[in-house]
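Peer 1: One structure, as structure tokens, below. Some questions next.
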Amino acid sequence: MRWIDLPCSKKSDLNWNLLLPEKEGDPILWNLELEIDFPLEEELSFQELRLALIQFTETVWPLYREVSAGISLYQGSADLSQRFYWTPLQEENWEIWKEGKDFSLARLKRFFCADAYAYYFQKLSHALPDETDVFLFFEKEPTLSPGEMLQLLSKERYEHFQVVTKGAVEGWDGKRLEGKAILPPPSTSTAICLPEEKLLNDSLLEKVDHLLKELPAPVRVISEPFLQESWEGIDELYVLSGGVSLQGERKLRGFQAAGGVIITH
């Protein structure tokens with residue numbers, strides 16, 4: 012796969028003519044460099060980025076549609092709180108968002124920032140072609156537990172994107188980047204059901220971490236809302252006591268009816 016970087020930040024003149032490749036060759040992944048280094052509520056900044064994406068969609072994409080593998084909107088740390096601007100408006104949003112959530116303060120802030128950026132990326136993606144995959148590439152944060160990493164990257168949060176980790180992340184159920192190749196998750200028959208976000212807390216994440224240490228690798232950690240579409244090839248499913256919704260219980264009965272084994276932890 013060929014990676015083509017196109018500057019799309021507020022500072023860019025959007026003159027990409029010298030950066031465009033030949034059509035012949037490996038499929039192209041377009042890395043649109045946004046440089047979101049401003050408060051997320053800045054409407055003028057958002058519109059400038061949106062116009063850059065519209066220009067790409069209208070001028071570049073039609074020429075390369077047939078040889079393109081997708082578009083990347085982000086490459087960087089999974090901990091988006093490192094780049095977040097805590098303006099008075101975001102402080103107000105935070106006070107409302109955190110109500111009823113049972114996590115440590117630092118962890119809760121990381122989840123809040125991830126939600127804010129997920130929404131921002133989704134708004135930007137509306138300016139891109141409907142028919143292509145939009146990628147987000149996340150680097151592993153060594154200071155975070157595996158359970159928290161998996162929750163930060165959860166499909167429940169980034170449902171509309173192709174989330175890819177840079178290198179292996181323990182328990183990750185999605186694709187990973189090795190060199191310039193995007194690889195599928197490792198094959199395994201064992202999985203852990205990650206509770207939906209509204210049920211999740213520090214205690215349940217610790218159980219995920221414990222299971223990932225105890226079970227032979229590889230193990231897939233599957234978000235409960237996507238359990239039914241993701242359990243193909245899974246024979247044993249570990250479920251966390253107190254971490255299953257009513258809808259999840261119905262899915263688990265379906266998994267058992269199909270011959271799967273459920274182990275409650």
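So the sequence shown is numbered by this note's numbering: it starts at 12 and just counts up by one.
We treat Cβ as the ideally placed atom computed from N, Cα and C, and that holds for glycine.
A quick note: this is a predicted structure, and the numbers were derived from the prediction, not measured.
Just checking my contact of residue 281 with residue 162 at CB under 8 Å: how many whole Å lie between their CB atoms?
Peer 2: Given a span of 12 to 276 for the chain in the structure shown, any question on residue 281 remains unanswerable.
Peer 1: Who are residue 88's beta bridge partners in DSSP?
Peer 2: In the sequence shown, residue 88 corresponds to position 77, counting from 1. Paired residues: 150.
Peer 1: Between residue 108 and residue 28, what straight-line distance do the alpha-carbon atoms span, to the nearest angstrom?
Peer 2: Walking along the sequence shown from the start, residue 108 turns up at place 97. Walking along the sequence shown from the start, residue 28 turns up at place 17. Roughly 44 Å between the two C-alpha positions.
Peer 1: Can you name, in chain order, every residue of its own chain whose Cβ lies under 8 Å from the Cβ of residue 219, other than the five neighbours on each side?
Peer 2: Here the question's residue 219 lines up with position 208 in the sequence shown. The residues are 157, 158, 161, 182, 203, 205, 232, 251.
Peer 1: Starting from residue 41, trace the beta strand (DSSP E) in both directions and tell me its first and last residue.
Peer 2: Working through the sequence shown from its first residue, we reach residue 41 at position 30. Taken as a continuous stretch (DSSP letters only), the beta strand (DSSP E) holding residue 41 covers 39 to 44.
Peer 1: Mind checking residue 254: buried by the 16 CB within 10 Å criterion, or exposed?
Peer 2: Position 243 of the sequence shown, counting from 1, holds the residue named residue 254. Residue 254 comes out buried.
Peer 1: From 170, 146, 213, 225, pick the residue whose C-alpha is nearest to that of residue 240; which is it?
Peer 2: Residue mapping note: residue 240 aligns to position 229 of the sequence shown, counting from 1. Measuring from the Cα of residue 240, the nearest candidate turns out to be 170.
Peer 1: Look up residue 79 in the DSSP assignment and say whether it is helix, strand or coil.
Peer 2: As a first step, residue 79 must be located in the sequence shown, where it is residue number 68. In this structure, residue 79 counts as strand in the three-state DSSP scheme.
Peer 1: Going by beta carbon distance, what residues of the same chain come within less than 7 Å of residue 138, once the five residues before and after it are set aside?
Peer 2: Position 127 of the sequence shown, counted from the start, is the residue given in the question as residue 138. Around residue 138: 61, 64, 65, 68.
Peer 1: Do you know how far the Cα of residue 129 is from the Cα of residue 117?
Peer 2: Counted from its first residue, the sequence shown places residue 117 at position 106. Counted from its first residue, the sequence shown places residue 129 at position 118. When rounded, the distance between both Cα atoms is 19 Å.
Peer 1: Can you say whether residue 79 is buried or exposed, counting buried as having 16 or more other CB atoms within 10 angstroms of its CB?
Peer 2: Here residue 79 refers to the residue found at position 68 of the sequence shown. Under this definition residue 79 is a buried residue.
Peer 1: Contact between the segment 43 to 60 and the segment 86 to 102: three or more CB pairs below 8 Å?
Peer 2: Result yes; three or more Cβ-Cβ pairs closer than 8 Å.
Peer 1: Under 8 Å: do the segment 215 to 229 and the segment 171 to 178 share three or more Cβ pairs, one atom per stretch?
Peer 2: Because the criterion of three Cβ pairs below 8 Å is not met, the segment 215 to 229 and the segment 171 to 178 do not touch.
Peer 1: Less than 7 Å between C-beta atoms, sequence neighbours within five positions excluded: which residues of the same chain meet that for residue 105?
Peer 2: Looking up residue 105 in the sequence shown gives position 94. Contacts found: 123.
Peer 1: Suppose the cutoff is 7 Å on Cβ atoms and the five residues either side in sequence are ignored; what does the same chain contact list for residue 148 look like?
Peer 2: Along the sequence shown, read from residue 1 onward, the residue named residue 148 stands at position 137. Cβ within range, chain order: 83, 85, 86, 175, 177, 188.
Peer 1: If I follow the unbroken alpha helix (DSSP H) through residue 241, where does it start and stop?
Peer 2: Residue mapping note: residue 241 aligns to position 230 of the sequence shown, counting from 1. Its alpha helix (DSSP H) spans residues 238 to 241.
Peer 1: Just to confirm the assignment, what range does the alpha helix (DSSP H) spanning residue 60 have?
Peer 2: Position 49 of the sequence shown, counted from the first residue, corresponds to residue 60. 54 to 66 is the span of the alpha helix (DSSP H), which, as asked, contains residue 60.
Peer 1: Could you give the DSSP three-state label for residue 70: helix, strand or coil?
Peer 2: In the sequence shown, the residue the question calls residue 70 occupies position 59. Reduced to three states, the DSSP call for residue 70 is helix.
Peer 1: Look at the alpha carbon of residue 30 and the alpha carbon of residue 15, and state the distance between them as a whole number of angstroms.
Peer 2: In the sequence shown, residue 30 corresponds to position 19, counting from 1. In the sequence shown, residue 15 corresponds to position 4, counting from 1. Rounded to the nearest angstrom, the two C-alpha atoms are 8 Å apart.
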